[in-house]
Amino acid sequence: ALTQDGFCSAPSVLDADSDSSTQPLYWKVTNPTLSPSHLQDLPGFTRSAYKKDHAFITPESHVFSPLPDWSNTLGAYLITPAIGSHFVMYLAKMQENSKSGLPPSGVERFIFVVQGSVVLTNMSGNVHKLTVDSYAYLPPNFVHAVETDAAATLVVFERRYSRLENHVTEQIVGSTEKQPLLETPGEIFELRKLLPTSLAYDFNIHIMDFQPGEFLNVKEVHYNQHGLLLLEGQGIYRLGDSWYPIQAGDAIWMAPFVPQWYAALGKTRSRYLLYKDVNRNPL
Ligand SMILES: NC(=O)N[C@@H](O)C(=O)O
Ligand SMILES: [Mn+2]
């Protein structure tokens with residue numbers, strides 16, 4: 003459209019963000035702006051990409067199928083060992099009156115509520131209601147059930163637990179907002195970790211916040227692998243030699259040693275959830 007002072011102006015995604023204050027937290031993860039309307043249903047168009055050391059998975063590429071052992075739940079696996087990872091990352095779309103199945107024996111589980119609410123119960127009868135932004139860690143072989151009344155969406159990480167002599171993990175239940183901000187020397191982003199940093203835990207989940215214009219100082223290359231879900235905002239993710247415009251709802255697999263970097267853009271903060279293996283000797 004030509005404005006009165008002669009500038010061309012396309013509808014800006016920035017405008018879409020302006021009413022983000024009226025939407026529930028993380029709303030855009032399950033209601034992504036897939037792409038500008040004129041690209042939405044362009045045959046064959048996708049921002050998804052799969053390279054040897056990373057994958058960029060956008061919502062129009064999600065393929066859901068019933069999760070075995072779960073009732074009434076559709077799952078979209080985003081990352082599995084077939085990609086080269088030692089963990090799985092999936093979205094679990096729990097319909098109403100649905101119930102989780104248990105992971106395989108020896109496998110630990112982390113769930114994070116992206117939409118709706120669920121009830122977590124365990125064998126000792128503890129009951130926790132988890133709403134958006136709440137999470138739980140379940141140790142390997144820890145009998146539990148996640149149930150819904152109304153539909154809810156979780157992002158789930160599971161991994162074969164890497165046992166350590168004299169260290170055991172326990173059930174963790176928490177919410178992001180209750181976690182303290184941690185020091186990030188040399189970096190500007192705000193960091194929370196959702197699990198204890200004690201040796202028993204062989205991964206952690208980082209929640210990282212960037213204001214528009216802020217970016218990672220270190221162009222990281224490290225042995226740890228990542229599963230990322232952008233919960234809020236938008237920006238540019240560099241992975242290896244590729245640069246990806248990213249928005250809430252997009253997911254990333256980062257193989258060990260892939261060069262990685264992020265810059266936040268737009269009018270609202272970026273927040274991403276990041277799986278990172280820790281506390282185990284890489285040998
Ligand atoms: N990609 C990225 O954000 N990585 C860091 O946060 C890290 O802790 O590895
Ligand atoms: Mn990293």
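My numbering puts the first residue of the sequence shown at 3, with every later residue one more than the last.
Glycine residues also receive a C-beta, built at the ideal position from the N, C-alpha and C atoms.
Within the same chain, E192, L193, R194 come within 7 Å of L183 by CB-CB distance, once the 5 residues on both sides are set aside. At a cut-off of 3 residues, not a single continuous stretch assigned as beta strand (DSSP E) sits fully inside the stretch 75–100.
The continuous stretches of alpha helix (DSSP H) do not include T171, and DSSP gives it neither H nor E.
The Cβ atoms of H56 and W245 do not sit closer than 8 Å to each other. Boundaries of the alpha helix (DSSP H) around V31: 29–32.
Our two residues, E172 and N128, have alpha carbons roughly 13 Å apart in a direct line. Residues with their Cβ less than 7 Å from any non-hydrogen atom of ligand 2, running along the chain, are E222, H224, N226, H228, M256, Q262, K278. If you look at P247, you'll find it in the beta strand (DSSP E) that goes 244–249. Of all C-beta pairs linking the stretch 136–152 to the stretch 106–116, three or more are shorter than 8 Å, placing the two stretches in contact. By the criterion of at least three beta-carbon pairs nearer than 8 Å, the stretch 265–277 is in contact with the stretch 234–243. One alpha carbon belongs to T155, the other to W72, and they sit about 13 Å apart. Residue A265 holds the alpha-carbon nearest to the alpha-carbon of E216 among G251, A265, V170. N168 and H88 have their C-alpha atoms spaced approximately 23 Å apart. Spatial neighbours of S50 in its own chain (CB-CB distance under 7 Å, excluding positions within 5 residues in sequence) are listed in chain order as F58, I59, T60, S63. Taking all protein chains shown into account, F212 has 16 or more neighbouring C-beta atoms within 10 Å of its C-beta and is therefore buried. Using a C-beta cut-off of 8 Å, the stretch 65–81 makes no contact with the stretch 129–136, since fewer than three inter-stretch Cβ pairs fall below that distance. Around the beta carbon of F159, 16 or more other beta carbons sit within 10 angstroms, so the residue counts as buried.
For the 8 Å CB-CB criterion, M91 and L80 form a contact.
Counting only the Cα atoms, T178 lies some 19 Å from V148. The beta carbon of W263 lies closer than 6 Å to those of L218, K221, R240 in the same chain, with the five residues before and after it left out.
Relative to the non-hydrogen atoms of ligand 1, the Cβ of M91 never comes closer than 7 Å to any of them.
In this structure, N206 is the residue among I190, T32, N206 with its C-alpha nearest to the C-alpha of I174.
Around the beta carbon of Y163, 16 or more other beta carbons lie within 10 angstroms, which makes this residue buried. Note on A152: under 16 other CB atoms within 10 angstroms of its CB, so exposed under the neighbour-count rule.
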